[in-house]
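Colleague:
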Amino acid sequence: MSYFTTKQIHIKKIKKGFTLIEVILSLVLILLISSLVVPNISQSQQNFKLISSTKNIEKICKFARGMSILREKELIVVINSNKQNISVGEVNNKTNDYFDNELLLKQINLNEEIVRNLPKGIEIDEFTNESNTYTILDDDYYYIRFYPNGHCDAFFLNLKLKDKIINISSDPISGKIFSKYLQ
91 MSYFTTKQIH IKKIKKGFTL IEVILSLVLI LLISSLVVPN ISQSQQNFKL ISSTKNIEKI
151 CKFARGMSIL REKELIVVIN SNKQNISVGE VNNKTNDYFD NELLLKQINL NEEIVRNLPK
211 GIEIDEFTNE SNTYTILDDD YYYIRFYPNG HCDAFFLNLK LKDKIINISS DPISGKIFSK
271 YLQ
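Position one of the sequence shown corresponds to residue 91 (the numbering used here), numbered consecutively onward.
#1: Pull up the DSSP beta-bridge partners for Ile258, would you.
#2: With distances taken from CA atoms, which of Ile234, Lys252 and Phe236 is nearest Lys210?
#3: Assign Phe236 to buried or exposed, taking buried as 16 or more other Cβ atoms, counted over all protein chains shown, within 10 Å of its Cβ.
#4: Would you call the segment 200-207 and the segment 129-138 touching, i.e. three or more CB-CB distances under 8 Å?
#5: Mapping DSSP to helix, strand and coil, what is Glu148?
#6: Report the option in Tyr233, Lys270, Phe246 and Ile267 whose CA atom is closest to the CA atom of Glu164.
#7: Whose C-alpha, out of His241, Gln136, Thr218 and Leu122, is nearest the C-alpha of Ile212?
#8: Does the segment 165-176 come into contact with the segment 105-120, if we say contact requires no fewer than three beta-carbon pairs (one atom in each stretch) closer than 8 Å?
#9: With DSSP as the reference, identify every bridge partner of Arg155, one or two as the case may be.
#10: Ordered along the chain, which non-local residues of its own chain (more than five positions away) have a Cβ less than 8 Å from that of Glu148?
#11: Alpha carbon to alpha carbon, how far is Ile150 from Phe245?
#12: Taking only the alpha-carbon atoms, compute the straight-line gap between Ile256 and Glu162 and give it to the nearest angstrom.
#13: Could you give the first and the last residue of the continuous beta strand (DSSP E) run that contains Asn172?
#14: Are there 16 or more other CB atoms within 10 angstroms of the CB of Phe217, so buried, or fewer, so exposed?
#15: Could you name the residues that DSSP lists as bridge partners for Tyr232?
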């Protein structure tokens, strides 16, 4: 004979599962949290693109400065805005007249050592080169020279991605490259 009656057995049963209200409430909370997080993730990806492009330009400039000192030769960094790349190398054919910009730029035969692509969407918002020897050619190519004594052309470069801008500049005497976030 059993000690429990059928009434007592039914009382001890435990309900399993969620109610419809609990399921709907958890879905609403998940949607609310994801609507707050997703825009921040896409914004951080844009920041990452801009910062990684800046770091690439800084590293290539540091490489150019170091190799220029080691080899005791002039190296040049070329930023091509059409192809969205940056390269560094030695100039093979140079004219003797350093002050004739157009002639010098037309005769450049760059022996590229490193070529890095800039991510899509990165624009060169502004480029200023304070050197008298290299300037912008057809707004497509930007040149920065590095000299064997550690100096470089003074330049200011703004990289832009949508509404964010990072400024990259150089100290022409030390050849160091600096960057700062503008917007």
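The beta-carbon is built from N, C-alpha and C at its ideal position, and this holds for glycine as well.
All values derive from a computational prediction rather than experimental measurement.
Modeller: Reading from the atomic positions:
#1: According to DSSP, which records beta bridges pairwise, Ile258 is partnered with Leu247 and Ser269.
#2: Lys252
#3: buried
#4: no
#5: helix
#6: Tyr233
#7: Gln136
#8: no
#9: Answer by DSSP bridge pairing: none, since Arg155 is not bridged.
#10: Counting only residues of its own chain and dropping the five nearest sequence neighbours on each side, Glu148 has a CB closer than 8 Å to the CB of Ile258, Ile267 and Ser269.
#11: The alpha-carbon atoms of Ile150 and Phe245 are separated by roughly 15 Å.
#12: 31 Å
#13: Run containing Asn172: none; DSSP gives neither H nor E here.
#14: Its Cβ being crowded by 16 or more others within 10 Å, Phe217 is buried.
#15: In the DSSP assignment, the residues bridged to Tyr232 are Ile169.
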